[in-house]
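*Asks:*
In the numbering used here, the protein residues as written are 148 to 381.
#1: For residue 323, list the residues DSSP reports as bridge partners.
#2: Could you name each continuous beta strand (DSSP E) segment of 3 residues or more that falls completely within the stretch 233 to 283, going from the start of the chain to the end?
#3: On the CB-based measure, 16 or more other CB atoms within 10 Å of its CB, does residue 169 come out buried or exposed?
#4: Just to confirm, is the Cβ distance from residue 247 to residue 290 under 8 Å?
#5: Short of 6 Å in beta carbon distance, which residues of its chain neighbour residue 306, apart from the five on each side in sequence? Order them along the chain.
#6: Following the continuous beta strand (DSSP E) through residue 212, name the residue where it begins and the one where it ends.
#7: Just mark residue 205 as buried or exposed, buried being the case when its beta carbon has 16 or more other beta carbons within 10 Å.
#8: Whose C-beta lies closer than 8 Å to the C-beta of residue 271 among residues of the same chain, with five residues either side of it excluded?
#9: Using three-state DSSP, classify residue 231 as helix, strand or coil.
#10: At the level of alpha carbons, what is the spacing between residue 220 and residue 294?
#11: Of the choices 230, 244, 251, 203, whose alpha-carbon is the least far from that of residue 329?
#12: Rounded to whole angstroms, what's the CA-CA distance from residue 235 to residue 258? Just pull it up for me.
#13: Please list, in chain order, all residues of the same chain as residue 256 whose beta carbon is under 6 Å from its beta carbon, the five residues on each side excluded.
#14: Just the C-alpha distance for residue 341 and residue 278, rounded to the nearest angstrom, thanks.
#15: Could you tell me the alpha carbon to alpha carbon distance between residue 335 and residue 249, rounded to whole angstroms?
#16: Determine the DSSP secondary structure at residue 192, reduced to helix, strand or coil.
#17: What did DSSP end up calling residue 186 once you bin it into helix, strand or coil?
#18: Whole angstroms are fine: how far does the CA of residue 332 sit from the CA of residue 211?
#19: Checking 8 Å against the spacing of the C-beta atoms, do residue 241 and residue 213 come in under that value?
#20: Once the 5 residues before and after residue 209 are set aside, which same chain residues still bring their CB inside 6 Å of it?
#21: Report the rounded CA-to-CA distance for residue 263 versus residue 203, giving the unit in angstroms.
#22: Out of curiosity, what's the CA-to-CA distance linking residue 181 and residue 243?
#23: Could you check if residue 173 is buried or exposed, using at least 16 other CB atoms within 10 Å of its CB as the buried criterion?
#24: Please list, in chain order, all residues of the same chain as residue 297 whose beta carbon is under 6 Å from its beta carbon, the five residues on each side excluded.
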């Protein structure tokens, strides 16, 4: 999911930069509207963006809240909520190719995954993002966005599974923080997915009682420690 989002952000910043000479005092509203429309078109769900503060000449963008609603038929209050997004950049780079951003920081990220057999809210949005309408045309390839430092803080994941009868699952998991360097829109999705998967695996293993196991999952027993998830990925 990260790859389309970075391209949307880079494109919206470029559009806003072009409009600065005419509409300086409404630049925040222009960027907010552009981002909301682009995210809705790309994901297929309603999007709310609040508290945009775009300061192009000092190279700062701050957004208080970005909320992606759920697809129809799901009960969670939202699919994704991002709070306190901060972006550092140089104005001259917004129209360049590739677009180079110094740093992107998110202080709070709340993801609510809901499974209603056979539908899944996250999969629905991912399918939309990867659909033909979001695929770049061969005659106009999309700009690449590069980020020097990407930091995601206080990541929370809620997993809810609704099944038949009394079967089901409703689990809140705090995943902590992720920091990545030299991220590109071409590989951001894979890097972030692996990092979140590692955090999720570690968090779930910590919830398993180890006193009844013949070995310790931290590698202090006779069985070696479990290798990182990326060791198994191509």
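The beta carbon of each residue, even a glycine, is placed where N, CA and C say it ideally should be.
Source: prediction; values computed, not measured.
*Replies:* With the structure as the only source:
#1: 302
#2: 246 to 263
#3: Its pLDDT being 45, under 50, residue 169 is placed unreliably in this model, and the coordinates cannot settle the point.
#4: no
#5: 260, 318
#6: Where residue 212 is concerned, the enclosing beta strand (DSSP E) stretches over 207 to 215.
#7: exposed
#8: 191, 218
#9: strand
#10: 36 Å
#11: 251
#12: Distance between residue 235 and residue 258, taken at the CA atoms: about 24 Å.
#13: 229, 299, 302
#14: Going by the C-alpha atoms only, they are around 22 Å apart.
#15: Our two residues, residue 335 and residue 249, have alpha carbons roughly 15 Å apart in a direct line.
#16: coil
#17: Helix, per DSSP.
#18: 23 Å
#19: no
#20: 200, 233
#21: 43 Å
#22: 19 Å
#23: Residue 173 comes out exposed.
#24: Answer for residue 297: 251, 327, 330, listed in chain order.
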